[in-house]
Amino acid sequence: MAKRTKTTARLGKVKKNMEKTEWKAIEAKPDVEQDVGSDNGSFMDDDTEDFLPAGWTGNSKGKKDNKVASDLKQNIEVTVTNTTKTKINLDTTDLESVEASLERIDLQSVTIESASCTPVIEATPNIELTAQKAKAPNHALSASETTGFEHITALELGVPATLAQGTKSQIEQLHELINSLEQQLKSTIYQATVTKAELESRIAKQDAEIHSLRIELADKNALRSGQYLTLMKEKEEIEASYRARREHTEAQTVKVTNDLGKLRNAHAELKTKNANLERQLASEKAKVTGARAEKDTLREERQRQEFTIRQLQKQVNQGNTSLTQLREDLSRTRTEKVNLMSEKSSLESELANVRLQSTVASTTKMSSELSEAREAYKVAQKNNRFYQSRWKIQKLEIRDLEHEIQVLQIDKDLLGKDLEITEDKLHKLKVRTSRQEKVIKDLKSEVSDLERDRDLKAPILQIGVDIRLRNLEHAAETVLKIPRDEIDGAIIMNGNNAAHRANGAVDAALFQAGLVPDDYMECFEAIFEEMYTVAPSKYGGWCPKVLRLIDCRATIMTVKAFRRHASLELREEHSKIDNMLLELHNSMGQRSFENSQVVNDLIERLELLTTEIVEADRSRGGRH
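This is how it looks when you write it as structure tokens:
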């Protein structure tokens, strides 16, 4: 449809044209009754020209009738003017010569006025007045006036006969000229009378035609008034429907704006919460890193202490081994001492016996045995002194070893206490680490929930953004006075698709995100299942290509067609491809269906047909 000029500009232009046309009509027809205003106010402005029948625009018929009447009247005036403007001017050359010759003659009883012999028919627009003026010269030239010169004689004039004869001949010539003028005037009057009769008959005929045209024009005006009332009713109905649709659209826009505001607020809160959680997570990560570093330090310290304990235990074991050996040596020394003491006692007893026996035995024998005993006693004393010195040395070594053992035992006790303290710290660190690991796990779970919620609401947010951008782009046409052909069609198309095209993933996300009011939950779930053949909670179970197929079906199902006949062939092809894809899905596995190139081509063709059907059905003469 061609672009229409703005209403204000068109109204101004029509008003100027009407004023100019009416002024011309009044100026051209001053004596004819005007009928210009008969159609004033009987037509709508040019906004309603789209609803009128073809060829019926404004009061062009009334203007045409006025033009016919104007042309007819102008033809009549031209005819009358051409007829009545014929002036009968006498050639006064001879008359002036006669008057010059008669200046010396006393013509008391004769007066010849050139004005009376020169009748002039004045031309006026009024036909009756013209006819009356055309008859006036006939009264001026009566019989007595035309024949008065015949009674004048040369004797009465008192002039010579020759001069009287010359004058008479001139007068006769003048009479002949007057007669010829009378004949010419009579013929002119006759022609004027005939022309008047013809004009009167033509005027009567034209009056009859004008009357019939006025009757026809009145009938047409009545018909137009009826059609005008019908069109006004239709216009009121269309305006009421448009207002209802506009109010509904505004309500939907307000609702979508409110929902978008809520979504934006929720998104802002989530972003703030997410930022706080990220900061907390970063601080906790820093704390965990510090705890891990402290744990590593404590682990290294523990390892060093354990190594020291092992070294000390090794030294203690070595000391214990040395102590055991010393104790064994001491026991052996003691045993040897006891043995020596027993040997000494035995030797002393033997010596006593020898002494007793010496008295009995001979002196030589006793002296020899006594010398042997003395030698043996000396050897025993020598051995005893050696063992006693050795015992003293071992006793000192044992005292040193016992002191060292006491020192090692004290170090062992201290290391044991340090080990207990370290183990207690390590246990506390383990408990703290487990708590922090639990907090980290909870934070990771919360972050994953926030990311999932963000991913879930991101397409919903994009839908709201597309719709609001379309509204702003439409507003640019009226707010900034931008021409329609300069409006960004891509933004408008994205907004239309976001608002009117089926999108199962986003609709399911509305339910999953809890954005559907509880009062409408049951109704909207039924609508969702009818459109997408599955409950919102089970929507993600299909493969992506099946979901695209379902979106195409739902779009065709929900499109509000204004010109459904324009898409019959497209709908038939759409139905064939839909059935073909359904058969392929039933015959092929889900994985094969998803990976098939044939299926991909058919899906793309189906989506293209869906777009063409929507554009064809929703189009109102090129405007969606």
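full-length UniProt numbering puts the first residue of the sequence shown at 1, with every later residue one more than the last.
Glycine is no exception: its CB is placed at the ideal position from the N, C-alpha and C atoms.
When the options are compared against residue i, the one with the closest alpha-carbon
i: residue 280; options: 222, 442, 612 and 402; result: 442
i: residue 613; options: 593, 500, 527 and 585; result: 500
i: residue 310; options: 415, 197 and 239; result: 415
i: residue 509; options: 587, 453 and 556; result: 453
i: residue 384; options: 343, 516 and 472; result: 343
i: residue 391; options: 435, 445, 427 and 334; result: 334
i: residue 328; options: 397, 349, 275 and 303; result: 397
i: residue 432; options: 287, 599, 503 and 198; result: 287
i: residue 615; options: 451, 570 and 324; result: 570
i: residue 504; options: 459, 307 and 601; result: 459
i: residue 304; options: 258, 419, 480 and 529; result: 419
i: residue 461; options: 211, 221 and 264; result: 264
i: residue 341; options: 486, 213 and 381; result: 381
i: residue 351; options: 517, 373 and 337; result: 373
Rounded C-alpha distance that separates residue i from residue j
i: residue 582; j: residue 271; result: 43 angstroms
i: residue 476; j: residue 255; result: 22 angstroms
i: residue 474; j: residue 492; result: 8 angstroms
i: residue 456; j: residue 262; result: 15 angstroms
i: residue 596; j: residue 567; result: 29 angstroms
i: residue 186; j: residue 193; result: 10 angstroms
i: residue 251; j: residue 514; result: 22 angstroms
i: residue 440; j: residue 555; result: 45 angstroms
i: residue 348; j: residue 332; result: 23 angstroms
i: residue 579; j: residue 498; result: 26 angstroms
i: residue 472; j: residue 244; result: 22 angstroms
i: residue 138; j: residue 172; result: In this predicted model, residue 138 has a pLDDT of only 42, less than 50, meaning its place in the structure is not dependable; the value taken from the coordinates is given anyway. Answer to the nearest angstrom: the Cα atoms are 21 angstroms apart.
i: residue 182; j: residue 206; result: 35 angstroms
i: residue 268; j: residue 423; result: 47 angstroms
i: residue 533; j: residue 542; result: 11 angstroms
i: residue 339; j: residue 379; result: 15 angstroms
i: residue 394; j: residue 435; result: 59 angstroms
i: residue 417; j: residue 324; result: 27 angstroms
i: residue 468; j: residue 426; result: 59 angstroms
i: residue 588; j: residue 438; result: 47 angstroms
i: residue 231; j: residue 528; result: 41 angstroms
i: residue 407; j: residue 388; result: 28 angstroms
Where the alpha helix (DSSP H) through residue i begins and ends
i: residue 544; result: 544–558
i: residue 581; result: 568–587
i: residue 494; result: 489–500
i: residue 504; result: 504–512
i: residue 532; result: 521–532
i: residue 592; result: 590–595
Close Cβ partners of residue i (< 6 angstroms) along its chain, the five nearest in sequence each way excluded
i: residue 448; result: none
i: residue 463; result: 498 and 506
DSSP three-state assignment for residue i, whether helix, strand or coil
i: residue 459; result: helix
i: residue 186; result: helix
i: residue 481; result: coil
i: residue 452; result: helix
i: residue 537; result: helix
i: residue 177; result: helix
i: residue 599; result: helix
i: residue 229; result: helix
i: residue 614; result: helix
i: residue 150; result: Bear in mind that a pLDDT of 42 at residue 150, under 50, signals an unreliable position, so the number given afterwards is only what the model happens to contain. If DSSP states are grouped into helix, strand and coil, residue 150 belongs with the helices.
i: residue 431; result: helix
i: residue 515; result: coil
Same chain only: Cβ atoms within 8 angstroms of residue i, ignoring 5 sequence neighbours per side
i: residue 607; result: 548 and 552
i: residue 512; result: 456, 536 and 537
i: residue 574; result: 552, 556, 606, 609, 610 and 613
i: residue 277; result: 443, 446, 447 and 450
i: residue 470; result: 491, 492, 494, 495, 496, 498 and 499
Chain-order list of residues whose beta-carbon lies under 7 angstroms from that of residue i (same chain, five-residue window excluded)
i: residue 585; result: 546 and 593
i: residue 166; result: none
i: residue 376; result: 347
i: residue 289; result: none
Proximity test, residue i beta-carbon vs the ligand SAH heavy atom, cut-off 8 angstroms
i: residue 513; result: Annotation note on the ligand SAH: not contained in the displayed structure, which lists no ligands.
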